[in-house]
Each structure stands twice: as structure tokens, then as C-alpha cells.
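Encoded as C-alpha cells, the structure appears first; notes follow it.
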């Protein structure tokens with residue numbers, strides 16, 4: 185009952201905010217509207233021990249992601265803070281770019297944010313712009329998969345900042361059927377093909393959080409995983425899925441060992457056990 189009330193409350197507040205924004209857009213001159221809506225009204229300032237960050241928040245979900253930057257996945261923040269200077273970070277499944285932007289506070293890092301969803305990619309580029317990080321962060325609207333291919337990106341929600349989408353097949357992070365709202369055409373690369381095809385700096389750190397096909401991305405990255413220059417991987421996995429063991433086997437065969445596990449969701453009855461895993465190369 186409480187969950188339903190909270191959901192209704194969120195929808196009402198979101199509706200009222202949209203109505204207010206729509207009314208303001210109607211009555212203000214174009215130049216003033218552009219200034220307000222691009223620079224002031226939707227912007228949230230988040231203070232960190234590395235400095236302050238601005239996030240463009242044209243809705244409640246992007247605002248939630250900004251407000252929970254330091255608290256939702258503290259292990260991800262700590263992992264980023266341990267990056268060596270003058271290294272390269274790939275953020276695969278970047279959403280609106282909160283972790284990419286946080287990493288970008290270190291001017292010595294080069295960051296690549298990969299996000300297929302059009303609604304989120306727009307916010308990533310906006311966040312890069314307002315933080316003046318376009319020299320440090322490159323955003324690309326592509327997917328990664330086991331092989332390079334053209335297919336469908338299934339979107340569960342079109343709201344800015346939404347997650348739980350899937351490339352290639354409509355499945356969620358537990359391997360179950362995904363109820364999607366929209367199908368977006370998308371090109372995906374295997375990580376190995378992408379690196380061999382383009383002049384892009386080799387990643388030293390990779391975060392993979394794509395809500396369901398992490399195992400396929402790992403399958404298409406075996407050459408990259410064996411490279412000694414890849415120091416560490418943070419990946420979201422459900423140990424209750426059949427493909428979990430094969431994913432771990434690939435990582436271990438490429439010289440990685442599991443250092444940490446941070447639980448996100450666990451259900452003993454259904455054997456779901458979703459967590460962030462941090463792997464490090466044994467020779468580093």
C-alpha cells in the first residue's frame with residue numbers, strides 16, 4: 185500500500201512540475217527561456233570531496249540520480265577514487281553520466297561514456313557541457329554485445345534517467361522477459377571489434393552496468409580482457425543466472441580475480457542475487 189501511495193505521489197508531483205514548466209515556457213521570451221531552462225532551473229549542484237558537480241535534471245528521475253550519486257553505490261565511488269593518474273575509464277551503461285562526470289573531476293583521466301538510450305544520451309552530453317568537461321569525457325551512443333551487429337534496443341521506459349533496457353532481446357537483469365515501451369534501432373560492437381576498428385585509447389578501467397547482457401559483453405571482450413593494461417572491472421551480475429559461472433570463468437581465465445562483492449538485490453526464494461563485483465588483474 186505504501187509503495188502504491190508513493191508511486192501516485194511521485195506521478196502527481198511530476199505532473200505538476202511539468203505543468204509549471206510548460207506554463208513558464210509559454211509566457212517567457214525565447215532568450216530568457218533558453219537561459220532559464222538550459223542553465224538554471226533544472227540544474228542540481230552536488231558537492232563531493234573532489235569538488236562540486238552540476239547535473240541537468242529536467243525530471244524527478246535525473247534529480248534522484250544526482251541526489252544519490254554518493255550514496256546509491258558507494259563502492260563505485262570508492263573504486264573510481266582509486267584510479268591511477270593518467271589512465272582511461274570506460275563507463276558502459278552510463279545512463280545520465282553521473283559516474284563519468286565524477287571520474288572527470290580528476291583532470292588526468294580520460295573518460296568514455298557509452299549509453300545507447302537516446303533520452304539518457306541527451307542528458308550525458310548536457311552534463312558534460314555544463315561541467316565544461318568535453319576535453320576529458322567523450323560520450324558515444326552505441327551498445328556493446330558479444331558480436332558487432334545491427335539490432336533492436338528495447339527500452340522499458342522513455343523517461344529521462346530511466347534504466348532496465350536491453351539490446352538484442354527483451355530480457356531484464358534477471359534474464360526474465362522485459363516489458364518494453366519502445367524499440368530503438370541500434371548498432372552494437374563487441375569490445376574487441378571496437379578497439380581494433382577505431383583509434384581510441386585502450387581502457388584501464390571498465391564499468392559494465394547494462395541491466396541484463398553483461399555476460400554477452402564479456403564474451404565479446406576476451407582479447408581486451410587478456411591485455412595487461414586493463415587493470416580492473418566493475419560489473420553488475422546476478423549469480424542466480426545460468427550464464428553467471430561462464431562469465432566468471434572468462435574473467436578468471438583472462439587473469440582477473442574477484443576482490444569485492446556488493447549486494448544490490450537478493451531473493452532467496454527465487455535465487456536472485458544481484459550485486460556489483462569488482463575484479464582486478466592479478467599482475468597489478
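Numbering (my numbering), first residue to last: 185 to 468.
Cβ atoms here follow ideal geometry from the backbone N, Cα and C, with glycine treated the same way.
Below 7 angstroms between beta carbons: does that hold for residue i and residue j?
i	j	result
residue 379	residue 408	yes
residue 418	residue 274	no
residue 410	residue 345	no
residue 441	residue 402	no
residue 244	residue 315	no
residue 272	residue 308	no
residue 358	residue 324	no
residue 326	residue 318	no
residue 334	residue 368	no
Please check the pair residue i and residue j, which I expect to be a contact at CB under 8 angstroms, by giving their CB distance rounded to whole angstroms.
i	j	result
residue 460	residue 420	6 angstroms
residue 329	residue 301	Between residue 301 and residue 329 the Cβ distance is about 15 angstroms, and since that is not below 8 angstroms, they are no contact.
residue 457	residue 423	4 angstroms
residue 395	residue 350	7 angstroms
residue 247	residue 232	Not really, about 17 angstroms apart at Cβ, beyond 8 angstroms.
residue 398	residue 259	So it is not a contact: roughly 16 angstroms between Cβ atoms.
residue 374	residue 352	Residue 374 to residue 352, Cβ: 12 angstroms. No contact.
Tell me the DSSP secondary structure of residue i in three-state form.
i	result
residue 400	helix
residue 420	strand
residue 256	coil
residue 451	strand
residue 250	helix
residue 287	helix
residue 445	strand
residue 262	helix
residue 244	helix
residue 384	coil
In terms of residues, what are the limits of the alpha helix (DSSP H) holding residue i?
i	result
residue 309	302 to 314
residue 409	406 to 410
residue 325	Taken as a continuous stretch (DSSP letters only), residue 325 belongs to no alpha helix (DSSP H), as it is neither H nor E.
Check for me: the beta strand (DSSP E) holding residue i runs from which residue to which?
i	result
residue 465	456 to 465
residue 437	Unbroken run through residue 437 is the alpha helix (DSSP H), 428 to 437; no beta strand (DSSP E).
residue 275	272 to 276
residue 378	Looking at the DSSP string, residue 378 is not in any beta strand (DSSP E); the run it does join, the alpha helix (DSSP H), is 375 to 381.
residue 332	No beta strand (DSSP E) holds residue 332; DSSP gives it neither H nor E.
residue 298	294 to 298
residue 364	Residue 364 -> no beta strand (DSSP E), and no H or E assigned at all.
residue 355	Here residue 355 belongs to no beta strand (DSSP E), and DSSP marks it neither H nor E.
residue 230	227 to 232
residue 391	389 to 392
If you measure from the beta carbon of residue i to each beta carbon in chain C, is any gap under 7 angstroms?
i	result
residue 267	In the structure shown, chain C cannot be found, because there is only a single protein chain.
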